[in-house]
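Data block below; observations after.
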Amino acid sequence: EGEGWGRMLEPEELLERLQAFLTPKDLKGLKLLVSAGPTREYLDPVRYLSNPSSGRMGYAVAEAARDRGAEVVLVSGPTALPAPWGVEVVRVESALEMREAILGRYSWAQAVVMAAAVADYRPAEVSREKEPKVAAEKVLRLLPNPDILKELGENKGPRVLVGFAMETGEGLARAKEKLLRKNLDLIVLNWVNREGVGFGSLENEVVLLLRDGRVLELPRMKKRQVADRILDLVKEFWKG
Ligand code: C5P
């Protein structure tokens with residue numbers, strides 16, 4: 021990426037930079053680790069298991085935190101989004117790679133926002149060559165992936181930990197259970213079965229469940245605004 025005089029910024033980026041410049045630096049000094057996007061669990065060199073996560077929510081958190089003066093490392097699974105300026109981006113594919121990248125930065129981090137849609141399973145056998153197609157039925161054996169966020173919670177120290185939960189139906193109770201089991205300060209509950217929000221969309225409608233029992237239902241808003249609300253709470257826990 022070019023920098024300084026001589027490189028013409030795109031109009032959108034110019035606007036972004038202006039918005040960033042005008043944002044109060046209330047997160048100055050915060051070292052924030054963010055994860056985003058899906059993971060890919062390869063069966064062979066050309067096939068994988070994954071999910072439709074766009075990465076937008078995590079990228080929005082990274083960008084909002086950058087604008088508010090935080091130092092941000094973004095560990096990203098494969099997405100179509102451009103790398104945000106002013107953020108260190110670490111690209112990974114599988115859940116195991118994501119785990120390595122995140123644990124490697126954990127001692128540095130003061131807060132972690134785990135927005136990635138980590139695949140729960142990976143194929144038990146990965147072949148180095150492309151598997152030939154056969155007419156017969158095939159059975160795929162899967163191994164559970166490590167729960168990265170749970171590991172972080174077991175070694176939390178003074179860090180602020182934020183998780184996400186995608187739920188349908190009885191989501192509130194399950195999200196609450198995850199908040200406690202993974203030792204988080206905050207969990208962001210997304211409804212997967214609602215129109216125009218969640219996976220891939222620009223807007224989100226979430227419920228924030230806090231460790232202290234507070235439950236904040238946010239109206240539908242842009243992911244960037246959701247990001248700022250999450251960061252307001254990160255700030256509260258970080259300073260408190
Ligand atoms: O248990 P569940 O997958 O619903 O929890 C979601 C939260 O846990 C998300 O914040 C996600 O990033 C994180 N997670 C993880 N490692 C996994 C699965 C989920 O860190 N293997």
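For the sequence shown, position 14 matches number 34 in the working numbering, and the numbering has no gaps at all.
Just so it is clear, CB atoms sit at the ideal spot from N, CA and C, and this is done for glycine as well.
### Task
Quick one: residues in its chain with C-beta nearer than 6 Å to the C-beta of Asn224, no 5 flanking neighbours on either side, listed in chain order?
Val217, Lys243 and Val246
### Query
Just curious, the alpha helix (DSSP H) that Asp248 is in, first and last residue?
Lys243 to Lys259
#### Entry: Coil, strand or helix - Met186 by DSSP
strand
### 8 Å CB neighbourhood of Lys45 in its chain, flanking five on each side removed
The residues are Arg88 and Gly89.
### Query
Quick one: is Gly220 buried, meaning 16 or more other Cβ sit within 10 Å of its Cβ, or exposed?
exposed
### Message
Is it buried or exposed, Pro58, if we count other Cβ atoms within 10 angstroms and call 16 or more buried?
### Response
buried
### Task
Pick helix, strand or coil for Leu35, following the three-state DSSP scheme.
If DSSP states are grouped into helix, strand and coil, Leu35 belongs with the helices.
### Message
Would Ala56 and Leu94 be called neighbours here (beta carbons separated by less than 8 Å)?
### Response
yes
### Query
What's the gap between the Cα of Ile207 and the Cα of Arg179?
When rounded, the distance between both Cα atoms is 15 Å.
### Query
Who pairs with Ala64 in a beta bridge, going by DSSP?
Before going further, note that residue 64 is Asp rather than Ala in the sequence given. BP columns for Asp64 point to Arg67.
### Query
Does DSSP put Ala115 in a helix, a strand or coil?
helix
### Message
Between which residues of its own chain and Asn71 is the CB-CB distance below 6 Å, once the five residues before and five after are set aside?
### Response
Pro58 and Ala137
### Task
Could you please give the first and the last residue of the uninterrupted alpha helix (DSSP H) stretch that includes Leu230?
Per DSSP, Leu230 belongs to no alpha helix (DSSP H); it is in the beta strand (DSSP E), Val226 to Leu230.
### Query
According to the neighbour-count rule (16 or more other Cβ atoms, all chains shown, within 10 Å of its Cβ), is Asp205 buried or exposed?
So Asp205 counts as buried.
### Message
So the candidates are Glu190, Pro152, Ala82 and Pro98; which of them puts its Cα closest to the Cα of Val254?
### Response
Ala82
### Task
Kindly list the residues whose CB is nearer than 8 Å to the CB of Ala121, restricted to its own chain and excluding five residues on each side of it in sequence; keep chain order.
The answer, listed in chain order, is Val95, Val110 and Val112.
### Beta carbon proximity, Leu204 to chain B, threshold 8 Å
In the structure shown, chain B does not exist; there is a single protein chain.
### Task
Excluding the 5 residues preceding and the 5 following Tyr68 in the sequence, name in chain order all residues of the same chain whose CB lies nearer than 7 Å to its CB.
Arg60, Glu61 and Tyr62
#### Entry: Arg231 and Leu199 closer than 8 Å at C-beta
yes
### Asn210, buried or exposed, once every other Cβ within 10 Å from all chains shown has been counted against 16
Flag for Asn210 reads buried.
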